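Asks: Take the numbering used here: the last position of the sequence shown gets the number 153, and nothing is skipped along the way.
Starting off with a structure, shown below.
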Amino acid sequence: MRPAGEPRWVATMLSSPLLWHAARLALVSAYLLGGVVKLADFAGAVAEQEAFGLHPGWLWATLAIAVELGGSALVIADRLVWLGAGALGVLTFVAMLTANAFWAAPAASRWMLTNAFFEHLGLIAGLVLVAILSPRMRLTS
């Protein structure tokens with residue numbers, strides 16, 4: 013059943029299993045790319061973690077890669093989505109507090125960091141939504 017006022021073509025598109033798969037892939041695409049890049053340049057990933065004050069860098073880089081690739085795989089496969097999305101959400105929250113600490117930044121870079129902080133908050137909300145919707149989408153398929 014479609015909500016009142018929703019055009020039929022919109023309801024058809026939103027109920028498409030293909031759109032559900034594409035949306036999950038798009039949601040985790042940055043994490044997939046980040047995990048692959050960190051894996052390809054592990055020394056750079058370690059340096060990045062240490063630059064954000066996360067020590068030992070090798071441990072944080074390893075955790076980031078595992079969460080970015082493993083969490084993304086779970087969301088894409090639509091299995092244990094709560095775990096994959098939750099892990100990605102926690103990683104994103106840590107990134108918000110370390111890499112996007114706009115409150116501690118010089119005025120010149122504050123706006124860019126504030127924007128990135130709230131973009132990451134939006135990603136967390138998307139991850140929460142996919143975790144909520146995943147079991148419901150399987151029931152309707």
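All C-beta atoms in this analysis are idealised placements derived from N, C-alpha and C, irrespective of residue type, glycine included.
For clarity, every value in this text was computed on a predicted model and none was experimentally measured.
Check each candidate in 30, 137, 47 and name the one with the smallest Cα separation from residue 97.
Replies: The candidate whose alpha carbon is nearest that of residue 97 is 137.
Asks: Is residue 132 buried or exposed, if buried means 16 or more other CB atoms sit within 10 Å of its CB?
Replies: Buried: at least 16 other Cβ atoms inside 10 Å.
Asks: With DSSP collapsed to three states, give me the class of residue 64.
Replies: Coil at residue 64, not helix or strand.
Asks: Considering just the uninterrupted stretch of the alpha helix (DSSP H) at residue 134, what are its terminal residues?
Replies: First-last of the alpha helix (DSSP H) with residue 134: 119-152.
Asks: For the alpha helix (DSSP H) containing residue 92, list its first residue and its last residue.
Replies: Neither: residue 92 is in no alpha helix (DSSP H) and is coded neither H nor E.
Asks: If you draw a straight line from the C-alpha of residue 129 to the C-alpha of residue 108, how long is it?
Replies: Near 5 Å, if we compare the C-alpha coordinates of residue 108 and residue 129.
Asks: Taking the beta carbon of residue 127 as the centre, do at least 16 other beta carbons fall within 10 Å, making it buried, or is it exposed?
Replies: Classification for residue 127: exposed.
Asks: Check whether the segment 82-97 touches the segment 113-127, counting contact only when three or more Cβ pairs, one atom from each stretch, lie closer than 8 Å.
Replies: Judged by Cβ distances under 8 Å, the segment 82-97 makes no contact with the segment 113-127, as fewer than three pairs qualify.
Asks: Applying the 10 Å Cβ sphere with the 16-neighbour rule, what's the burial state of residue 76?
Replies: That one is buried.
Asks: In this structure, how does DSSP classify residue 27 when only helix, strand and coil are distinguished?
Replies: Correct three-state label for residue 27: coil.
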